[in-house]
Amino acid sequence: MSKTILSIEDLSKTYQTAGGLVSALDHVSFQLQEGELLAVMGTSGSGKSTLLNLIGAMDEPTTGVIKVNGIYDKTMFKEPKATIYRRENIGFIFQSFNLLKDLSVEENIALPLILKGEKDGVVKEKVSKMLKIIGLEEWRTHRPVELSGGQQQRVAIGRALITSPPIILADELTGNLDFNTSTDILQTLLKMKEAFNQSIIIVTHDPSVATYADRVLFFHDGKIVDEYTCTEETEDMNAILQKFQRILERPA
Amino acid sequence: MIDSIQAIASRFFRRNKLIAFTSIIGVMISITLIITMVVFVTDAKRSLVEEVEKMYGKMDLAVGYNPEQNLFIDEKLSGMINSLEGVEETSEAFLAHYFIDDLQERFYTVGVEDDSLAKSRYHFRETIHADEVSLNNALATLLHTTPGDQITVEGNDYTVKEILPDLEEAGQVTDILLINRQAMAEQEFEKTGNKKQSDYMMVEVSEHVDVYELAQTLKKIDPELRVDIAVEDEFLKSNLDLQLQFVIGLSVLVILITALFIISNFELFLYKYKHELAILRSLGATKRQVFSIILYQSAIINVIGGISALLFSFIAYRYLQSFLGKLFDVATDTLTYNFPVAIVVALISIVCIQAFMLIPAYRSSRLLPVTIMQENEELGFSHTLIRKKSGFIGIILSGFLIVFGVIFSELPAFILVGSIGFLLSCIILFPLYLPKVMEKMLLIMRRVIGNISFISLKNTIPQVRKNTFIVLIISAMMIIVVFGSTFIQTIQQTDINYIKEQYETEIVLTNKLTKSSTIRADELREEVSRLSTITHVSTQSSQDNGMIEGMQENVYFDYSFADISAMNEQGLLETTVNNPNEVIVKESFAKEHGLQIGDTLHLNMDYDNNQYKFLQRGEVVIGNIVKAFPYPNEIRDIFIDWETGVFDPDFKTVEQAFVDVTDPELAITELEGIKSIYPEIQVNSLEKSLQQSKQMSSQRWVIFIIVLVVILLSVMFGVINTLINNIHAKRKEFAVMRVVYLKPKNIIQVIMTQVTTYIALGVAVGIVLGFIFTYLISLVDPGILSFNYTIIAIMAIAIFVIAYIVLVPVANRLGKLNISTELMQDHK
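Respectively, the protein sequence lines represent chains A and B.
Residue 254 is where the first sequence ends in my numbering, and the numbering goes up by one at each step.
Residue 833 is where the second sequence ends in my numbering, and the numbering goes up by one at each step.
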């Protein structure tokens, strides 16, 4: 039986706006297993990004608990603990890649290790390995602007995984890429998930991306309204599409 | 490959050469300005010390009694002073006004010792023996004496030993006679029977001894002792104080601009890196790590900027100063560059600027990780209510302070603090109301400026916060321009007015010996009129006191003899008299005593101090009443014609002659010639005095213009830098506008409308606030302000011209860029 790496229990987040209180996440609970790829789908404003922000300790929940490896520390959202928590547990992959334009490919990948204070030799060794895995050895000294979108996202994936964090949070990671490149990126991600046994949460609008997941959670108005476990069969695509369609038809 | 936080920081720095370079230039200009200010102040202090030394020699203190105290320094007191700790050297002296028989006049006389202290104080080299005197050049000229000649002083014959250079104090030469102290002591003993040691002592204070402390100790010996400290000379001090006040006022404003400039420039640097820093934070960089990245970069900028400032300021002092001096045709050779002071100032400035830079650095370290960064820029102001409240409270408090300061005139500091408070409150409030002002302006201007400019302006309103810096920094500069130029111009104008007041005509002749001179008014008039360049001449005697009899009680009055009809022809008197026996009375005197035209006055004049009575009596009729007499108007009540048959005016001599001329320069040469007949006559020319005054104020102008030029360059550097960045950040918007409607040339219109709006607002607000601020500050010493509109206009135009020269090509280029590429780019 696989181990629960992340446990979300009764998580809520409300914001104070000029028009009053707005509930972005409403009593959400689920678990993420070690090595699991979980897709989160939903309409805009359904609470997907808020969920990632809370798991990444970049925002503090109003109520609820986030347990990583069964441990809950209610001070984890305060600095500097939040930074340490992110450094040790979370890897981020962004839709717009968010690479540092002034640094080379290998330097971008090495960043989390440098920030962590790893020794130069260790950094070099790990970066070389990662470059081999993501297939960008020849591009190591190039700057991000010289790469294609897909290559840039592969650098971002390499950077997210270099410190081997147990959880990867990917926000629309193929949103800026064409179909072929998206497929290439998702295959890379799967390959790395297998290699490092990491757990991944992908936020996406794209049902074809969701088919790569082990499980799909459907969000609407800050709540989980449906769930689907992928079977690696061809009907997965139709089933996810249908469920997503139903969410789109729901009144906001 | 990078391997540390410092390496990341240095990579950011190297990759952004332009911003790094502009930031360094910013710091350099700022520190240069501060160095310039401080070096100027220290130079002014050094000048003061030199001036003091020139005037007082080695003397640090003067100890003695005032003549009216009837006290003197005796042997005991002299011994006590000499034995005090900290007294290095003393020299004793007598002060008196001795009668020079040849001139029949008393002159300032000092009995001096033959020591270095006295020699340095009174600027003589040769030992003065008991039968010798030394005197200043002007007095020697008056006496027609040279060394070796004999003169008679107080009935005793003396040989002239040395002719001393004339020393000017407040533009006036003080005539001085030096006599041997011992000889003078004997004379004093003969006259008074007092065995005086001296009237006063010159004291040189030992090194490292506080002059003020020693002065206190001396006062303890005898509280009635008068102790004067040389460096506190009133004239020198007030002159320097004025300069210092000006420089301090200017420095405060410069530092304000500097702080704004540095913070804004560095904010720009950080703005570009906001996204990168947020990415680092999401990758696990701690606040401390982000802070150290910024700190490292700011330190590099700062140190390089500081060193460059030292070099630049040195070069500016060495070359720019003389260049500007030549450009404006004024003397600038008095300022010297003080390297040690400059280095200390640069170091302090670097530390302060680093502290300034920590504010944005600290704010950056608090950046949140990238995923929840606000995508929309913060367009509005934070804490609007607090800003509004503090702004209005500031204005009210400042108002109170100013009113208090004006009511209780001994509290000028209240006015000063109130004025600065008012200025700062306006600066706080101004950006909050700027959008509303712009909206109002838009409605009015739409028809004038056309639709494209209208849309462009409308777009700028939500961007006010981002551009507030531009408006504020331009305003601050215009405040400096208005305040500084008005300050200098007002001093200059007051000076000119004072000089002009003294010159009723282009040339005024004055008699140095009004008591003993025998110049007759008619003779002098004739001599002067004979000269080819003279058109009119009139004279007046020195003022004297008389008494009017026959009124309810005896009334004392001040009068002069004058050429009444000649003065009337020259326009110096608004009216004349029908015959010379009539007199003219001043309106204020007539009102005070109920006098009218046609009244008869019984005058008593020519008072004899020995007989205690007036020697001349007579009746005169008031021929006319006038508002004012020629300068000095305030000391005379009645004018009597020289030609009057009622009195014999020979007991008075000419004090002033008012001369109208065709060619002032030639006239001066001609008039100098009559000095051979009347050596006591001094020729004063309005033009010459005005030139001297101009020379004195020119140094202030040069310094001010140097400061203005540097400020203009640094401000425009910051403004253009910010504007270019803001324009680049909106490239996508411009591309969208081009897709929708606009032609490339319209983009220039859009950009330049925005640029013009912000600059115009800055200039207008700055001028208005500058006028108000200057007016408020002037309440400290109320007088008529004289604004230099030319400099204000030139500076305003210069701002627009520099901005257009740089930004029109930028706008032109942006308008021609490929639309599709522009739409794809992220221009942050």
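We put the beta carbon where it would ideally sit given N, CA and C, even for glycine.
All of these numbers come straight from a predicted model, not from anything done at the bench.
- [ ] Compare the beta carbon distance of A:L117 and A:N110 with 7 Å and say whether it is the shorter of the two.
- [x] no
Open item on the list: Excluding the 5 residues flanking B:R641 on each side, which residues of the same chain have their C-beta closer than 6 Å to its C-beta?
Closed with: Q548, D563, S565 and F634
- [ ] Report all residues from its chain with a CB closer than 6 Å to the CB of B:V216; omit the five preceding and five following residues, and keep chain order.
- [x] Shown here for B:V216: same chain residues with a beta carbon closer than 6 Å to its own, the five before and five after excluded, namely D65, V210 and I234 in chain order.
Open item on the list: If you measure between the beta carbons of A:G49 and A:I170, is that distance less than 7 Å?
Closed with: no
Task: Cβ of A:D208 within 7 Å of any chain B Cβ - done: no
Open item on the list: Do B:V138 and B:L108 count as a contact pair if the criterion is CB distance below 7 Å?
Closed with: No, the pair does not count as a contact, with Cβ atoms beyond the cut-off.
Task: alpha helix (DSSP H) segment containing A:T183, residue limits - done: F181 to F198
Task: Residue-level contact to chain E via CB, A:N100, 7 Å cutoff - done: Absent from the structure: chain E. Protein chains present are A and B.
- [ ] Give the interface partners of A:P82 over in chain B, defined as CB-CB distance under 9 Å, in chain order.
- [x] Against chain B, the beta carbon of A:P82 has neighbours under 9 Å at T291, K292 and R293, listed in chain order.
TODO: With DSSP collapsed to three states, give me the class of B:G176.
DONE: Its pLDDT being 43, under 50, B:G176 is placed unreliably in this model, and the value from its coordinates should be taken loosely. Correct three-state label for B:G176: coil.
TODO: For chain B, find out if any of its Cβ atoms is closer than 7 Å to the Cβ of A:F79; answer yes or no.
DONE: no
Open item on the list: Any contact between the region 710-717 of chain B and the region 21-40 of chain B? By contact I mean 3 or more CB pairs, one from each, below 8 Å.
Closed with: yes
TODO: Compare the C-beta of B:I298 against all C-beta atoms of chain A and say whether one is closer than 7 Å.
DONE: no
Task: B:L434 versus A:L27 - alpha carbon distance - done: 40 Å
Task: Closer than 9 Å at the beta carbon, the chain B residues around A:A112 - done: At a C-beta separation below 9 Å, A:A112 has these neighbours in chain B: M6, I7 and D8.
Task: Option nearest A:T143 by Cα separation, candidates A:V157, A:E237 and A:T231 - done: A:V157
- [ ] Compare the C-alpha of B:T146 against each of B:I686, B:L275 and B:I807 and name the closest.
- [x] B:I686
Task: Interface flag, B:L23 vs chain A, CB-CB below 7 Å - done: Not an interface residue.
Open item on the list: Could you check whether the Cβ of A:L179 sits closer than 7 Å to any Cβ belonging to chain B?
Closed with: Answer no: the Cβ-Cβ gap between A:L179 and chain B never drops below 7 Å.
Open item on the list: If the criterion is Cβ atoms closer than 7 Å, does the pair B:T27 and B:N472 meet it?
Closed with: no
Open item on the list: Against chain B, does A:D122 count as a neighbour if the rule is that its beta carbon must be under 7 Å from one of theirs?
Closed with: yes
Open item on the list: Using the Cβ count rule (16 or more neighbours within 10 Å means buried), how would you classify B:N584?
Closed with: Label assigned to B:N584: exposed.
Task: Pair within 7 Å by beta-carbon distance, A:L40 and A:I203 - done: yes
Task: Local Cβ density within 10 Å of B:N559, reported as buried at 16 or more and exposed below that - done: exposed
- [ ] Enumerate in chain order the residues of its own chain whose CB-to-CB distance from A:P146 is below 6 Å, with the five nearest sequence positions on each side excluded.
- [x] The answer, listed in chain order, is L101, K103 and Q154.
Task: Residues near B:L402 by beta carbon distance below 7 Å, same chain, minus five either side - done: G426
Task: Short CB-CB distance (under 7 Å) between B:F739 and chain A - done: no
- [ ] Could you tell me if A:V67 is buried or exposed, where buried requires 16 or more neighbouring beta carbons within 10 angstroms of its beta carbon?
- [x] exposed
Open item on the list: What does DSSP give as the partner residue(s) for B:M206 in the beta ladder?
Closed with: In the DSSP output, where bridge partners are listed per residue, B:M206 has B:V68 and B:E97.
TODO: Give the single residue among B:K750, B:A801 and B:M757 whose Cα lies nearest to the Cα of B:V773.
DONE: B:A801
Open item on the list: For B:Y636, tell me which candidate among B:Q661, B:D136 and B:K618 has the shortest Cα-Cα distance.
Closed with: B:Q661
TODO: Could you tell me which chain B residues have their CB closer than 9 Å to the CB of A:R89, listed as they occur along the chain?
DONE: L288, G289, A290 and T291
Task: Run of the alpha helix (DSSP H) containing B:H598, from where it starts to where it stops - done: E592 to H598
Task: Inter-stretch contact (C-beta, 8 Å, three-pair minimum) for the region 148-157 of chain B and the region 67-81 of chain B - done: With the cut-off at 8 Å, the region 148-157 of chain B and the region 67-81 of chain B do not touch.
Task: Nearest-angstrom beta carbon gap, B:V724 and B:A808 [assumed within contact, 8 Å] - done: 7 Å
Open item on the list: Please state the DSSP three-state secondary structure of A:E81.
Closed with: coil
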